[in-house]
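Some notes on the structure that comes next.
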Amino acid sequence: MVSMVGKKKSHTLTRLGSMLLITALMASGCGSSPVAKTEQKPIKVGIVDTYTGGAAVYAKDSLDGFKLAVKEIEAKGGPKIEFVTRDDEFKPDKSTSWAKELVMREKVDFLAGTTNSAGSLAVSQYAKESKVPFIVWGGMSDRITGEAGHRYVFSTLPNTAIIGKAGAVQLSKTSYQKVWIAGSDYEYGHSLINNLWSNLTTLKPDVKKMGESWWRVGETDFTPYINAIRSAKPDVLVVGTGGADMVAFMKAVKATGLTQEIPVWAHTSYDPATLRPLGDQAPEGVMGTNPYLFNYPDTAENKAFVEAFKKEYNREPAAFALYGYMGGKFLGEAITKAGSTDKEKIIDAMEGLTIDTPVGKATLRKEDHQVAIPMSYGVVAKVNGVFTGKDLHTLNSDEIMPSVDQILKSRSK
Amino acid sequence: MDFATLASQFFIGLSRGMIFFIVSAGLTLIFGVLRITNFAHGALYMLGAFIAYSVSTLVGQGPYGFWLALLVAPVTVMLVSLVIERGLLRFIYNRDHLIQMLLTYSLVLIAGDLVKILWGTEFKSMDIPAVLRGSFNLWGASLPWYNAFLLIVGPVVALGLWLFLSKTHLGKICRATATDREMVDVLGINSTRVFAMVFALGGWLAGLGGALIAPTTSISMGMDASIVIYAFLIVVIGGLGNVWGALISSIIMGVGEALGILFIPGIAIIIPYIIAGVLLIVRPTGLLKSAW
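Residue numbers (the working numbering), protein chains in the order written: chain A, 9 to 421; chain B, 19 to 310.
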């Protein structure tokens, strides 16, 4: 009964979505662009992502990264990739209805996107049913390629299992024992913190959880949370929060002077996406992990990528630009490798595929379709008058990937 | 748990309550006098925050940016409210509540798209003015200067509202309209002008709330939805249309939530609803006399 009701509802949504789409198309006066006749039909990617609201900054970066990859592939005479985008407004139900619309009406060959983790999981479920492969470059939940993984879903960004493990490795190198955990009360926050905590207790059995606080997504005032945590006097505060909330949280850390008393760890603390909006009000000393910075790793490959991205969009690429870029690159190389536009053959080619990326060699792991890239860790600091990451170290991908056994065990449950 | 922590948490909660009060006072005033459920109140608050961002950015996020924004943003939102009232709302005063709700709800959607067009989809951030940065020592605990600043602004606004409502002719008409609308009509008072002014005042308060919260957080679409839930809870708890009821319930809500975060952090997210639920069971008609 329940599933019937759900189906009926999503059907209505699809219809509503398509009606809206038709209206939008009519209003903007653009029909579908004419397809160039080549010997091989272009692969069409349908991107569902959050282009409005607090998380829009990520979707914009990943889309620009993807567009750059598509352009580079074509310039090198590789396969032609087309794409269309849809805005899910960070709502998982919209992610699915747009995904269905893209597959049924736009006849896309691949799906991609979804910054919202719950949206990624929902679209992934649909990808499994419809056998349309889905490249995730936005949703960070470990369940996407973990327990809910399947043949038709790939992830080109480090998920919360990897980030959590990286954070645990970083924290295990410190002497902190009493830990307070906190975060946004949704999939990303809980998933990141759970992974970090379970890895940290394995790496450093003497750590003790003092307490936890969870705030709602879109919280505007973090001072009461910080004040309460400060009074508990933990050795370290570990935070899982993202997007606009991360910036608001960092502002409150600065205003309350929390880091002078209690060290803070938060993923992406020294990412430009976090630091730029903070201006000169970034809290120094906040520890964190980061999969990518435009100035780290300091390699020729990364410099070339940054150069190309800057030329195209007049700004430095952030981590999500890399994820979208890798999504495009993996797809392009897989099509070339498969020598076919057959979806099943492309999937086979993608499994275990290793490509060169700005951060070095990256592999889409055969067993779980999860990308393995290195990650940096460090602290927020002012260097030459600019806030950035300092004391950066690299964790190799094999140090921070969850084991294949672990993944397969969680899937068999 | 030491006294200093409790005290600082109390003051932080109180400053949170001040923002709630400034926003919900406008909502309850409109409720009481115009008898309109203004869903768009949160949108006006969001607009206030975005305008504050633009103003402070225009003057280069400099030392005067915030203060200028604090003046300009509420007044701009007030003018927008005036346009909304004269252009739309005045035609539906005698219509169904459902029509009124639909209209104000449509304004929420329009405001969302307007923000998208004018400011783009990315969240914005503006600086706390230099003099209000950092925090000071309060018996061993710490309190950010900005929260202390809110603790001054809140009572100033409350005092201003009290002077307006009890000392001015217009304020008296407002109160009279909230208490007995027909009697005011019978006395031959031009109520539509009063309505326009009250709606504009409500808009000014929403804009002020938005401008005040802007430097402490990230300014993004969706911030309207989160405040409007609090504002409605507060207005209902305080007694519909009663400004002082809104003041009391804002303080209860702000302090209650802050203390909840201190003592039961695991369920902090549902504390406002627990407070609202308990208060409504104890006093179903609101803390103070409702205007309806």
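Each residue gets a CB set at the ideal place from its N, CA and C atoms; glycine is no exception. Nothing here was measured: the structure is a model prediction, and the numbers come from that model.
Here DSSP, grouped into helix, strand and coil, assigns Gly172/A to helix. Within 8 Å of the CB of Pro100/A, no CB atom of chain B is found; the nearest one sits about 15 Å away. Fewer than three pairs of CB atoms, one per stretch, sit closer than 8 Å, so the region 130-137 of chain B makes no contact with the region 250-262 of chain B.
Looking from the CA of Val161/A, the closest CA among Arg284/A, Val144/A, Gly175/A belongs to Val144/A. Residues of the region 134-156 of chain B with a Cβ closer than 8 Å to any Cβ of chain A, in chain order: Lys134, Thr139, Glu140, Phe141, Lys142, Ser143, Asp145, Ile146, Arg151, Gly152, Ser153.
Neighbours of Glu220/A across chain B, judged by C-beta separation under 8 Å: Pro283, Gly284. Residues of the same chain with a CB within less than 7 Å of the CB of Thr282/A, apart from the 5 flanking positions on each side, are Met254, Val255, Met258, Thr276 in chain order.
Going by C-alpha positions, Lys353/A is about 12 Å away from Leu339/A. Using a CB distance below 7 Å, the part of the region 224-257 of chain B facing chain A consists of Ile231, Thr234, Thr235, Ser236, Ser238, Met239, Gly240, Met241, Ser244, ordered along the chain.
Per DSSP, Asn404/A is not a residue of any beta strand (DSSP E), being assigned neither H nor E. Taking the C-beta atoms as reference points, Gly50/B is found nearer than 8 Å to Asn260/B.
In the three-state reduction of the DSSP assignment, Lys212/A falls in the coil class.
Just measuring C-alpha positions, the residue of Ala148/B, Leu161/B, Ile69/B sitting nearest Pro232/A is Leu161/B. Contact between the region 230-248 of chain B and the region 143-157 of chain B is established, with three or more Cβ pairs separated by less than 8 Å. Exclusion of the five residues before and after Gly44/B leaves Gly220, Leu223, Ala224 as the residues of its chain whose Cβ lies within less than 6 Å of its Cβ. For Trp222/A, the beta-bridge partners assigned by DSSP are Gly191/A. Per the DSSP secondary-structure output, Gly251/A pairs with nothing in a beta bridge. When the Cα atoms are used, Val126/B and Asp101/A turn out to be separated by approximately 21 Å. By the 16-neighbour rule on beta-carbons within 10 angstroms, Tyr184/A is buried. According to the DSSP assignment, Ser103/A belongs to the alpha helix (DSSP H) that extends over 100-112. Residue contact with chain B for Gln185/A: absent (no Cβ-Cβ distance below 8 Å to any residue of chain B). Think of a sphere of 7 Å around the beta carbon of Ala276/B: the chain A residues whose beta carbon falls inside it are Pro232, in chain order. At a cut-off of 8 Å between beta carbons, Leu62/B makes no contact with chain A.
In this chain, the beta strand (DSSP E) harbouring Pro162/B covers 159-162.
Trp157/B is positioned such that its CB atom lies no closer than 8 Å to that of Phe281/B. If the five residues before and after Pro271/A are omitted, its C-beta is found closer than 6 Å to the C-beta atoms of Val244, all from its own chain and listed in chain order. Residues of chain B whose Cβ lies closer than 8 Å to the Cβ of Trp223/A are, in chain order, Ala286, Ile287.
Per DSSP, the continuous alpha helix (DSSP H) segment holding Thr344/A begins and ends at 327-346. Under the Cβ distance rule, Pro162/B counts among the residues neighbouring chain A, one pair being separated by less than 8 Å. The Cβ atoms of Glu90/A and Lys52/A lie closer than 8 Å to each other.
In the assembly as shown, Phe39/B is a buried residue. Its beta-carbon has 16 or more other beta-carbons within 10 Å. When C-beta distances to chain A are compared with 9 Å, the residues of the region 29-45 of chain B below that value are Ile30, Gly31, Ser33, Arg34, Ile37, in chain order. Beta-bridge partners of Thr362/A (DSSP): Thr371/A. Check the Cα spacing between Thr122/A and each of Thr164/A, Thr371/A, Glu375/A: the tightest is with Thr164/A.
In this structure the region 386-403 of chain A touches the region 291-306 of chain A; the number of beta carbon pairs closer than 8 Å is three or more.
Taking a contact to require three or more Cβ pairs closer than 8 Å, the region 260-279 of chain B and the region 58-74 of chain B do not qualify as touching.
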